[in-house]
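What follows is a set of notes on a single structure, which appears directly below.
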Amino acid sequence: GENVEQHPSTLSVQEGDSAVIKCTYSDSASNYFPWYKQELGKGPQLIIDIRSNVGEKKDQRIAVTLNKTAKHFSLHITETQPEDSAVYFCAAGRLEYGNKLVFGAGTILRVKS
Amino acid sequence: NAGVTQTPKFRVLKTGQSMTLLCAQDMNHEYMYWYRQDPGMGLRLIHYSVGEGTTAKGEVPDGYNVSRLKKQNFLLGLESAAPSQTSVYFCASSYLRQGDEQYFGPGTRLTVT
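Top line first, the protein sequences correspond to chains H and X. Residue numbering for the first sequence follows my numbering, beginning at 4 and increasing consecutively. Residue numbering for the second sequence follows my numbering, beginning at 300 and increasing consecutively.
Put into structure tokens, the structure is as follows:
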């Protein structure tokens, strides 16, 4: 089955700096890669996703890149703000399989002001 | 809309006791999921459902049972709780379309002593 590894487990940045979180997956058939943000005491919330027919996707300060050959994808947050502090999860899945996802272990992002 | 709600928010069980966690969604979603979240392990899929009256196993189904008698509700049961089932449980739901966002509930923190 699919296995998703996520790095780093914790990341501290200064406000205004960029943050990058990386994930690798094992199943070459995976074709859907969402990123979720989880704030303290809440459930995860989708922030951006990418499908395997796209190499990069941007939404304001957030971007995701996908390298299908190397089987890795990354989340980039620019101009970080204190409210970006949260736990971020990557996930991988196959669109045709009931939207089932396998999640990475998560990255705790701390933005210092 | 309330979105996805979970009952209860907290629960402490003794080993061997049973309980049922309730998930309800008011978005008319076809798919529903139960995950558990443990420190350093991300979210792991326990069981899921692709429609009323249907259920299927996820990554870690042992020790749990589920039922989806109504489209809006998804129940997770622990017949004989074990300390290894101490975790935070999240329910999620999504539309039938491939790749649609999973909407998560606020979670249930379960401790088994």
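Backbone N, C-alpha and C fix where the C-beta goes; we use that ideal spot for every residue, glycine too.
Residue i burial status per 10 Å Cβ neighbour count (16 or more: buried)
i	result
X:Val303	buried
H:Asp87	buried
X:Pro382	exposed
H:Val57	exposed
Spatial distance of residue i from residue j (CA atoms)
i	j	result
X:Ser386	X:Gly404	15 Å
X:Lys369	X:Gly357	20 Å
H:Gly107	X:Gly339	9 Å
H:Lys115	X:Thr314	42 Å
H:Arg113	H:Leu14	6 Å
H:Ser21	H:His79	7 Å
X:Leu312	H:Val67	41 Å
H:Glu8	H:Leu104	13 Å
X:Val411	X:Gln384	7 Å
H:Trp38	X:Gln316	36 Å
H:Ser55	X:Pro360	29 Å
Test item: CB-CB of residue i and residue j under 9 Å
i	j	result
H:Glu5	H:Thr83	no
X:Tyr330	H:Asn34	no
H:Ile65	H:Ile53	no
H:Gly96	H:Ser12	no
Taking 8 Å as the threshold, find out whether the segment 367-380 of chain X comes into contact with the segment 345-357 of chain X through three or more Cβ pairs. yes
Between the segment 58-76 of chain H and the segment 24-36 of chain H, are three or more C-beta pairs nearer than 8 Å? yes
Any chance the segment 322-333 of chain X sits against the segment 40-53 of chain H, with 3 or more Cβ pairs inside 8 Å? Judged by Cβ distances under 8 Å, the segment 322-333 of chain X makes no contact with the segment 40-53 of chain H, as fewer than three pairs qualify.
So if I threshold CB-CB distances at 7 Å, which residues from the segment 24-45 of chain H count as touching chain X? Tyr35 and Lys45
Residues of the segment 78-100 of chain H with a CB closer than 7 Å to any CB of chain X: list them in chain order, please. Phe92, Leu98 and Glu99
Looking at chain X, which residues of the segment 43-76 of chain H have a Cβ within less than 8 Å of any of its Cβ atoms? Gly44, Lys45, Gly46, Pro47, Gln48, Leu49, Asp52 and Arg54
Near-chain H residues of the segment 320-346 of chain X (beta-carbon distance less than 7 Å), N- to C-terminal order: Tyr330, Gly339, Met340, Gly341, Leu342 and Leu344
Along the segment 396-409 of chain X, what residues have a CB closer than 7 Å to any CB found in chain H? Cβ contacts with chain H: Gln397, Gly398, Asp399, Glu400, Gln401, Phe403, Gly404, Pro405 and Gly406.
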